[in-house]
DNA sequence: GACATTGGTAGCGACTAGCTACTAATTGGA
DNA sequence: TCCAATTAGTAGCTAGTCGCTACCAATGTC
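Residue numbers (this note's numbering), protein chains in the order written: chain A, -2 to 223; chain B, -2 to 223.
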């Protein structure tokens, strides 16, 4: 552990910045996050890398993430900058966290594993806070960005989609209302394929194909609390 | 100009980070942003400071902002980290931008001035992009955070509030619908004071006093486009 | 006192969201 | 063979919400 820390400090440096990745997907109908599972590490942590701030941030991060995962994430956004308070494994005082999403069924690369996101294994103190911010960020952005769709493969059933929405929102939704809203939004189009999963009627497969619809000029929402 | 740059580089250092502040308010029913107006500068810019990443980021930023403005901002949030591409006046490669709001009528401190936010004076290339992100961030967050209320003094009329909403949303709202939605949200309470502004019937003054209301479990919103 | 100006509300019609209840298509077992 | 169980998908009712027009209220100006 101590050896690990000193070598990474040598790579990153105290004044430099690091990059934390919070990569989410759905596993067993639970929200899951990609964590390290080093055999010598005390607990689990988030994948990270020293950050060379020259060059465009988003491009740099996307390149590193693609290399780490073996594929590009299906969706990605910056979560924000966090002060590490000297606790980051890189030794960096400042970290920039990125939030990524991959489809269900994506395998964790070597040295990493999927951990339950809502009741995660013990993480270093600063990391837990970032993870909480990430989950809140997912929920905030899912109605302005296609987060749920990006957690699914290219074609999916409407029940699949509803399950992802319920998982992200943390509550059940009504089937008919969900589908009516989806229909009105012109976000998916049916394919010619059907999927039969053992019991029950086969479900039609859809793909994410958003159409430009006219701005509906909705009313002001006062959703704030305190 | 050249002398300025070299001294700031000496303070901040190439590998370090800087902090950009985007401070907004309403001036003449237009969205305004606080910019520098140095007599020797080529154009205007955003206020910034070298960032010491030790210590909690939010606390550090709030302290500096309070000193700069002579008062604490009435609302503040982090906008994100940006790669400066060598163009930041501090010489830093990475900047963290914070978005702040102060009430209408707040005077610009020495060396700074309010500039129109939507059609701003020429800014350095990287800064313009940050400003655009800030305005988009304001609009995104105004229905989950009391941004509009924080742009007003402690007591205000409902017409004042509606004007700020229209300014932030960039479109007109209907008076009756706006007030009905506000009533239903239990966000304001009337005071005993009234304000008469020359012509017309005097308006009752309200204060921002959000009450906890039970979660109304609203439906899923599919507001995404592409 | 008429008029202009601004504040504030009532109520109508169209649309929307949540719900119950139904039909449809498949598997598996009595 | 046929019925129960299971999952997919839809119809239609009801209560609420949203945008709008129209109206009343209170002040200053001429």
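Positions of the beta carbon are idealized from the N, C-alpha and C atoms, including for glycine.
Asked: Secondary structure of residue 118 (chain B), DSSP reduced to three states; Found: coil
Asked: Below-8 angstroms beta-carbon distance, residue 162 (chain B) vs any chain A residue; Found: yes
Asked: Nearest neighbour of residue 191 (chain A), chosen from A:181, A:182, A:202, A:42 [CA to CA]; Found: A:202
Asked: Pick from A:20, A:166, A:15, A:140 that is closest to residue 110 (chain A), judged by C-alpha positions; Found: A:20
Asked: Cα-Cα separation between residue 79 (chain A) and residue 135 (chain B), rounded to whole angstroms; Found: 21 angstroms
Asked: Interface partners of residue 75 (chain A) on chain B, CB under 7 angstroms; Found: 77, 78
Asked: Runs of beta strand (DSSP E) lying entirely within the stretch 51 to 129 of chain B, each at least 3 residues, in chain order; Found: 72 to 80, 91 to 98, 109 to 113
Asked: Member of B:200, B:181, B:24, B:125 whose CA lies at the smallest distance from the CA of residue 101 (chain B); Found: B:24
Asked: Own chain residues within Cβ distance below 6 angstroms of residue 46 (chain B), not counting five before or after; Found: 16, 61
Asked: Beta strand (DSSP E) segments (min. 3 residues) lying fully within the stretch 129 to 161 of chain A; Found: 152 to 154
Asked: Proximal residues to residue 208 (chain B) (C-beta, below 6 angstroms), its chain only, five neighbours per side dropped; Found: 183
Asked: Chain A within 8 angstroms of residue -1 (chain B), Cβ atoms only; Found: Only weak support is given to the placement of residue -1 (chain B): the predicted model assigns it a pLDDT of 40, under 50, and the value that follows is read from those uncertain coordinates. So, not an interface residue.
Asked: Residue 30 (chain B) - partner residues in DSSP beta bridges; Found: B:21, B:112
Asked: Closest by C-alpha distance to residue 233 (chain B), when choosing among A:143, A:186, A:153, A:112; Found: This structure gives no information on residue 233 (chain B), because the portion of chain B shown stretches from -2 to 223.
Asked: Host alpha helix (DSSP H) of residue 174 (chain B) (start-end); Found: 172 to 182
Asked: Backbone CA spacing between residue 158 (chain A) and residue 175 (chain A) [nearest angstrom]; Found: 10 angstroms
Asked: Separation of residue 54 (chain A) from residue 108 (chain A), as counted between CA atoms; Found: 25 angstroms
Asked: Proximity of residue 18 (chain A) and residue 114 (chain A) at Cβ, strictly below 8 angstroms; Found: no
Asked: Short Cβ contact (8 angstroms threshold) for residue 73 (chain B) with residue 97 (chain B); Found: yes
Asked: Inter-residue spacing [alpha-carbon to alpha-carbon] between residue 65 (chain B) and residue 106 (chain B); Found: 7 angstroms
Asked: Proximity of residue 88 (chain B) and residue 75 (chain A) at Cβ, strictly below 8 angstroms; Found: no
Asked: Where residue 171 (chain A) falls, given that 16 or more other Cβ within 10 Å makes a residue buried; Found: exposed
Asked: Limits of the unbroken beta strand (DSSP E) element including residue 202 (chain A); Found: 200 to 205
Asked: DSSP beta-bridge partners of residue 48 (chain A); Found: A:14
Asked: Three-state class that DSSP yields for residue 163 (chain B) in the structure shown; Found: helix
Asked: Cutoff 7 angstroms; reference residue 70 (chain A); Cβ partners in own chain excluding five residues on either side; Found: 20, 62, 97, 98, 99
Asked: C-beta neighbour in chain A for residue 116 (chain B), strict 8 angstroms; Found: no
Asked: Spatial distance of residue 206 (chain B) from residue 133 (chain A) (CA atoms); Found: 25 angstroms
Asked: Cutoff 7 angstroms; reference residue 58 (chain B); Cβ partners in own chain excluding five residues on either side; Found: 16, 95
Asked: Spatial neighbours of residue 44 (chain B) in its chain, beta-carbon cut-off 8 angstroms, leaving aside the 5 residues before and after; Found: 17, 18, 20, 31, 32, 33, 65, 109
Asked: Helix, strand or coil at residue 190 (chain B) [DSSP, three-state]; Found: strand
Asked: Residues sharing a beta bridge with residue 185 (chain B), DSSP; Found: B:205
Asked: Buried versus exposed, by CB contacts within 10 Å (16 or more), residue 198 (chain B); Found: exposed
Asked: Residue 50 (chain B): contacting residues in chain A (beta-carbon distance under 7 angstroms); Found: 80, 90, 91
Asked: Own chain, CB closer than 6 angstroms to residue 146 (chain B), minus 5 neighbours either side, in chain order; Found: 205
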